[in-house]
Amino acid sequence: MSALVKAGAVVGGIALTIGGGFYVKTLLGEEVLCIPLTKEDGYSSTYDNNKIGKVYGDYLVAPFGSVLKTGNGSSGKAVEDNKKWWEQTYEVFKKDKGLSSEFKDRIDRPYDNRVTAVSQTQEAKKALNKVCEEVYGKASTDIETSASDTGHTKSNLREDLFKYCSFLGKEPIKVSESEYTDADSYGKKYSSKLISTTDRKNDKFWKKQNELFFEKTGDRSGKDLTDTNSIFKKLYDATGAKEKWDSLKKVCEAVYSKQEGGADVEKASKDDVLKFCSLKGKE
């Protein structure tokens, strides 16, 4: 295991490092460096608000992982750090080939660097990282499942996305509707959106979500909270909460029993609950 992994708190197979990347345990069990899509050069100008890459970018792996390096004679040049992650994930892909038309029978190698990927956009078969990049540019509605998705087109693409393009390895498990009996509680009303706090398979998600919450920027940051009665504002300001990987998870667990618009002293608006306790971050 890398010294960087040893130096950080490893929870659910993820450890934060310097520069926006982190070491993560792949589906093959090896720890490799991973740069998320949100840290890729040009991210903010590439994906608008309705794209998969924007809505789920915090959990997706950057196609190349290009970040500016300083020192060690690199002169600030961009280095592609995610190649090892894609190679590891491709070994998993070769065994089950994917479910959706975007993945199945379309991939024959793990990785193309940025220059090669640009020159081979018309190839019938592509590298895994390039296919994921193409999916990131699709509308988020393309993976929003419903009863009308009888051919499983959207559900298959959604499963492939989180298995082969996300460091989570699988979509987090939602709250079970049976966990909450109060029909007006968040946990009951939004059970299909909120992430379970009791299933340990979600630890990797909650570790990452905690980091995003305490960052000073980003769509999932709690920095701009202003209501002093908000349970999330109190968490963001609490001394030492940032250092505990499950601080946000515990607050979300408490919030799931609360009622929307309830009279609790510690308030939790629907928008905040979905922003901090769901995968999509909104309804």
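Numbering-wise (this note's numbering), the sequence shown opens with residue 14 and increments by one.
No residue lacks a Cβ here, since even glycine has one placed at the ideal position from N, Cα and C.
Predicted model only: the values in this text are computed from it and were never measured.
Residue 140 sits in a strand when the DSSP states are folded into three classes.
Here residue 152 carries a strand assignment [DSSP, helix/strand/coil]. Judged by DSSP secondary structure, residue 218 falls outside any beta strand (DSSP E) and instead within the alpha helix (DSSP H) spanning 216-227.
As the crow flies, the alpha-carbon of residue 258 is around 29 Å from that of residue 100. Judged by beta-carbon spacing, residue 97 lies beyond the 9 Å limit of residue 144, meaning their Cβ atoms are not closer than that value.
A distance below 9 Å separates the beta carbons of residue 77 and residue 53.
Annotation: the continuous beta strand (DSSP E) that includes residue 122 extends over 120-122. Nearest C-alpha to residue 286 among 95, 241, 60, 235: 235. In the DSSP assignment, residue 265 falls within the unbroken alpha helix (DSSP H) covering 260-268. Within its own chain, the residues whose Cβ lies closer than 6 Å to the Cβ of residue 197, once the five positions on either side in sequence are excluded, are 272, listed in chain order. When C-beta atoms of the segment 237-245 are compared with those of the segment 212-220, fewer than three pairs fall below 8 Å, so the two segments do not count as touching. The beta carbon of residue 201 sits closer than 8 Å to the beta carbons of 190, 193, 194, 195 from its chain, once the five residues preceding and following it are set aside; these are given in chain order.
Nearest neighbour of residue 281 by Cα position, chosen from 292, 268, 146, turns out to be 268. Following the DSSP letters along the chain, one finds residue 44 inside the beta strand (DSSP E) bounded by residues 44-47. Counted as a single uninterrupted DSSP element, the beta strand (DSSP E) harbouring residue 38 occupies residues 35-38.
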